[in-house]
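Chemist:
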Ligand code: SF4
């Protein structure tokens, strides 16, 4: 029998952590391998979370990047990049420290990669372009990648879907599913409409049809004898993720803890909104202030990188950012924005209104 690996990347963020817990609880028979692409520049809270998670899982998480001759992975690659700091437009860090190590970890093996994109997010997550790695998203109602959906829902596959649905449904449910499955995709009936209609009629039936389809083409999941996630009908949002973390005892990454700051007699609340390197250029200015006030050692370490002539934030150095009047301005603006957002939001929790990970890195913040 072909050996197929099941792998789950832990980023140190809440969603990938919750996914590891969720899959272990629901599908204990999946022989999951966990990995973490260490940059050597994560917050201590992230390493603490990984330790807690290992205890819960009863398994080691493989650390994929090595410290070479005492040099942390980030510093090693920074040197190779001529000291040129990564940025949103030159993101060598993700490729070198996340994607390449992951693909090397898999090599030529066949693997199913499980990714914790939530049901309330509008992003696809990192999907490997390597044919031997197939990605699924168990927190979404649609667990399949765009590539798999595009392949199955081609109009030429309508006869296949007719037959496959007949094998998984009967009676009225079958008639309803066939009506949708037999309708070709057109300008008036787009692929998302067709997909949503089939998923709402029966997610499990759609998953079974997809699995049957994957068995007819050259695909990793199709080589499995069975795929337990076909039964998965969940669609989990942020609240559900928090509940999984809390109930398991693993808890939230500590950097999410909401802390108070004072500004001109008013109290604001800040925290860090995502995992990844403590100097990540994707963070908001208020998060840099959080780093300065809560982890001064890490802040000054970040400043030291700027000495080479590059800055983490476009057109502003970190030393300028912490000048008293600039810090006050950032806090004032943050407080104003938070109040406005809270007013327009049903939730009263800051963590529910901070910008989501969707605008940033698909490999680092899951
Ligand atoms: S967390 Fe930010 S700096 Fe670190 S590897 Fe990811 S994108 Fe790059």
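Residue numbers (my numbering): 1379 to 1744. Glycine residues also receive a C-beta, built at the ideal position from the N, C-alpha and C atoms. Everything numeric in this text was worked out from a predicted model, so none of it was measured.
Measure the alpha-carbon distance for residue 1529 versus residue 1386 and round it to whole angstroms.
Modeler: Cα to Cα, the separation comes out at about 24 Å.
Chemist: Would you call the stretch 1529-1540 in contact with the stretch 1418-1432, where contact means no fewer than 3 C-beta pairs closer than 8 Å?
Modeler: Segments in contact, no.
Chemist: Would the stretch 1508-1520 and the stretch 1482-1490 be scored as touching if the rule is three or more Cβ pairs under 8 Å?
Modeler: Yes, the stretch 1508-1520 is in contact with the stretch 1482-1490.
Chemist: On the criterion of 16 or more Cβ atoms from any shown chain inside 10 Å, does residue 1583 qualify as buried, or is it exposed?
Modeler: The residue is buried, with at least 16 neighbouring Cβ atoms inside 10 Å.
Chemist: Can you list, in chain order, the residues of its chain whose CB lies under 8 Å from that of residue 1495, leaving out five sequence neighbours each side?
Modeler: 1393, 1501, 1502, 1503, 1515, 1517, 1518 and 1744, listed in sequence order.
Chemist: Relative to the ligand SF4, is the shortest distance from any of its heavy atoms to the C-beta of residue 1464 smaller than 6 Å?
Modeler: Yes.
Chemist: Mind checking whether the beta-carbon of residue 1472 lies closer than 6 Å to any heavy atom of the ligand SF4?
Modeler: Residue 1472: yes, Cβ under 6 Å from the ligand SF4.
Chemist: Is residue 1646 helix, strand or coil by DSSP?
Modeler: In this structure, residue 1646 counts as strand in the three-state DSSP scheme.
Chemist: Using 8 Å as the Cβ pair cut-off and three pairs as the minimum, do the stretch 1594-1604 and the stretch 1399-1412 touch?
Modeler: Output reads no: the stretch 1399-1412 does not touch the stretch 1594-1604.
Chemist: Measuring only the C-alpha atoms, how far is residue 1644 from residue 1559?
Modeler: Distance between the alpha carbons of residue 1644 and residue 1559: 58 Å.
Chemist: Specify whether the stretch 1691-1708 and the stretch 1645-1653 touch according to this definition: at least 3 beta carbon pairs, one from each stretch, less than 8 Å apart.
Modeler: No, the stretch 1691-1708 is not in contact with the stretch 1645-1653.
Chemist: May I ask you to check if the CB of residue 1654 is nearer than 6 Å to at least one heavy atom of the ligand SF4?
Modeler: Correct: residue 1654 has its Cβ closer than 6 Å to the ligand SF4.
Chemist: With a cut-off of 8 Å on the beta carbons, I'd call residue 1402 and residue 1435 a contact; round off their distance for me.
Modeler: Yes, residue 1402 and residue 1435 are in contact; Cβ-Cβ is about 6 Å, under 8 Å.
Chemist: Can at least three beta-carbon pairs, one atom from the stretch 1437-1445 and one from the stretch 1657-1672, be found at a separation below 8 Å?
Modeler: Too few Cβ pairs lie closer than 8 Å, so no.
Chemist: State yes or no: is the C-beta of residue 1415 nearer than 6 Å to some heavy atom of the ligand SF4?
Modeler: No - the ligand SF4 has no heavy atom lying nearer than 6 Å to the Cβ of residue 1415.
Chemist: Beta carbon of residue 1523, beta carbon of residue 1505: below 7 Å?
Modeler: It is a contact, given that the beta carbons lie within the stated cut-off.
Chemist: Is it the case that the stretch 1586-1594 contacts the stretch 1610-1629, given that we only count it when at least three CB pairs across the two stretches are under 8 Å?
Modeler: With a cut-off of 8 Å, the stretch 1586-1594 and the stretch 1610-1629 do not count as touching, because too few Cβ pairs lie within range.
Chemist: In terms of DSSP beta bridges, what is residue 1494 paired with?
Modeler: Answer is none; residue 1494 lacks a bridge partner.
Chemist: Residue 1678: buried (16+ other C-beta within 10 angstroms of its C-beta) or exposed?
Modeler: Residue 1678 is exposed by the Cβ-count criterion.
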